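Okay, so the sequence shown: first residue is 2 according to the working numbering, each after it adds one.
Virtual Cβ for every residue (Gly too), placed ideally from N, Cα, C.
Please read all numbers here as calculations on a predicted model, not as lab measurements.
What follows is a set of notes on a single structure, which appears directly below.
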Amino acid sequence: MNHTDDPLQPHAHDPNPEPPSDDATFELHTPNGRLQPITVADLRALPKTAVSNCCIVSTGHGTTGPFTFGGVALLDFVRAYVSDSWSQVEVVSADGFGNRLFADELIHPSTAGIILLAYERDKRPLIRKDGLVRMIVPSERDDALRQVKWVGTIRVLA
Ligand SMILES: Nc1nc2c(c(=O)[nH]1)N[C@H]1C(S)=C(S)[C@@H](COP(=O)(O)O)O[C@H]1N2
Ligand SMILES: [Mo]
Numbered sequence: 002m003n004h005t006d007d008p009l010q011p012h013a014h015d016p017n018p019e020p021p022s023d024d025a026t027f028e029l030h031t032p033n034g035r036l037q038p039i040t041v042a043d044l045r046a047l048p049k050t051a052v053s054n055c056c057i058v059s060t061g062h063g064t065t066g067p068f069t070f071g072g073v074a075l076l077d078f079v080r081a082y083v084s085d086s087w088s089q090v091e092v093v094s095a096d097g098f099g100n101r102l103f104a105d106e107l108i109h110p111s112t113a114g115i116i117l118l119a120y121e122r123d124k125r126p127l128i129r130k131d132g133l134v135r136m137i138v139p140s141e142r143d144d145a146l147r148q149v150k151w152v153g154t155i156r157v158l159a
């Protein structure tokens, strides 16, 4: 389904093959206006979650996987860093590609697996070219439009 009024909802898209920069650090914006850089080391310091049987399904160049992605559950990340009440999370890459997540889908995950900020793939560190830090939404198997590579900003909204 296309939501042309919201660029953070699925829309027609040609995947960008190249990372926008070398640095995987991203910025967290909290509902009360705080802004904080988050590194891969910060994510590694949080409890780790692995999700198996994840496929990246692409119209353009086929399907890759299944992979086991490892990282931090997005819900664990938000709970660790945000004490204000919140209802939505925007996850946007430095190349402008992004996705909106609602509290409900984070708190009540699909049986496909919980939504991750991944820094590992098949037990190896995910490299920048492959998307570090990459959001993985295991339930999405249409066009990979929620599998955001190179997360640049996470904005948590009230
Ligand atoms: N940052 C970013 N993430 C992105 C995209 C993009 O252009 N930029 N394209 C999406 C699309 S449409 C696809 S098909 C997949 C491709 O993922 P892959 O490179 O692992 O195959 O990345 C998704 N994530
Ligand atoms: Mo895609």
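| Residues bridged to Glu27 [DSSP beta-bridge criterion] | In the sequence shown, residue 27 corresponds to position 26, counting from 1. A quick correction: the sequence has Phe, not Glu, at residue 27. Answer by DSSP bridge pairing, in chain order: Ile39.
| request: Could you name the residues that DSSP lists as bridge partners for Arg122? | output: Here residue 122 refers to the residue found at position 121 of the sequence shown. DSSP, once it has assigned bridges, lists Phe70, Arg125 as partnering Arg122.
| How would you call Phe78, buried or exposed, if buried means at least 16 neighbouring beta carbons within 10 angstroms? | Here residue 78 is taken as the residue at index 77 of the sequence shown, counted from 1. Buried, by the Cβ-count rule.
| task | Output yes or no for whether 8 angstroms exceeds the beta carbon distance between Arg129 and Val149. | result | Within the sequence shown, numbered from 1, the residue matching residue 129 stands at position 128. Within the sequence shown, numbered from 1, the residue matching residue 149 stands at position 148. In this structure, Val149 does not lie closer than 8 angstroms to Arg129 by Cβ.
| Alpha-carbon to alpha-carbon, Asn33 and Phe70 | Residue numbering aside, residue 70 sits at position 69 when the sequence shown is read from its first letter. Residue numbering aside, residue 33 sits at position 32 when the sequence shown is read from its first letter. Phe70 and Asn33: Cα-Cα distance of roughly 31 angstroms.
| Residues surrounding ligand 2 [beta-carbon distance to nearest heavy atom under 7 angstroms] | His14, Pro16, Ser59, Thr60, Gly61, Asp144, Ala145, Leu146
| request: Tell me whether Glu106 sits in a helix, a strand or coil according to DSSP, three-state version. | output: For the purposes of this step, residue 106 is identified with residue 105 of the sequence shown, where counting begins at 1. Glu106 falls in the helix class under three-state DSSP.
| Using the C-alpha atoms, what's the distance from Thr64 back to Pro38? | In the sequence shown, residue 38 corresponds to position 37, counting from 1. In the sequence shown, residue 64 corresponds to position 63, counting from 1. Each residue's Cα considered, the two are about 33 angstroms apart.
| query | Among Trp151, Ala145, Leu118, which residue has its Cα nearest to the Cα of Val52? | reply | Looking up residue 52 in the sequence shown gives position 51. That would be Leu118, whose Cα lies nearest to the Cα of Val52.
| query | Cβ of Ser59 within 8 angstroms of Cβ of Asp144? | reply | Taking the first residue of the sequence shown as position 1, residue 59 is located at position 58. Taking the first residue of the sequence shown as position 1, residue 144 is located at position 143. In this structure, Asp144 lies closer than 8 angstroms to Ser59 by Cβ.
| task | Measure the alpha-carbon distance for Glu121 versus Asp6 and round it to whole angstroms. | result | Position 120 of the sequence shown, counted from the start, is the residue given in the question as residue 121. Position 5 of the sequence shown, counted from the start, is the residue given in the question as residue 6. Answer to the nearest angstrom: the Cα atoms are 33 angstroms apart.
| Within the chosen definition, does the stretch 99-115 reach the stretch 18-33 through at least 3 CB pairs nearer than 8 angstroms? | Flag = no, the stretch 99-115 and the stretch 18-33 do not touch.
| From Arg35 to Leu102, what does the alpha carbon distance come to, in whole angstroms? | Counting from one through the sequence shown, the residue named residue 35 turns up at place 34. Counting from one through the sequence shown, the residue named residue 102 turns up at place 101. Arg35 and Leu102 have their alpha carbons spaced roughly 20 angstroms apart.
| query | Under three-state DSSP, which class holds Leu117? | reply | Within the sequence shown, the letter at position 116 stands for residue 117. Strand.
| query | By Cβ distance below 8 angstroms, which residues in the same chain neighbour His14 in space, the five residues on each side in sequence not counted? | reply | Indexing the sequence shown from 1 puts residue 14 at position 13. Around His14: Phe98, Asp144, Leu146.
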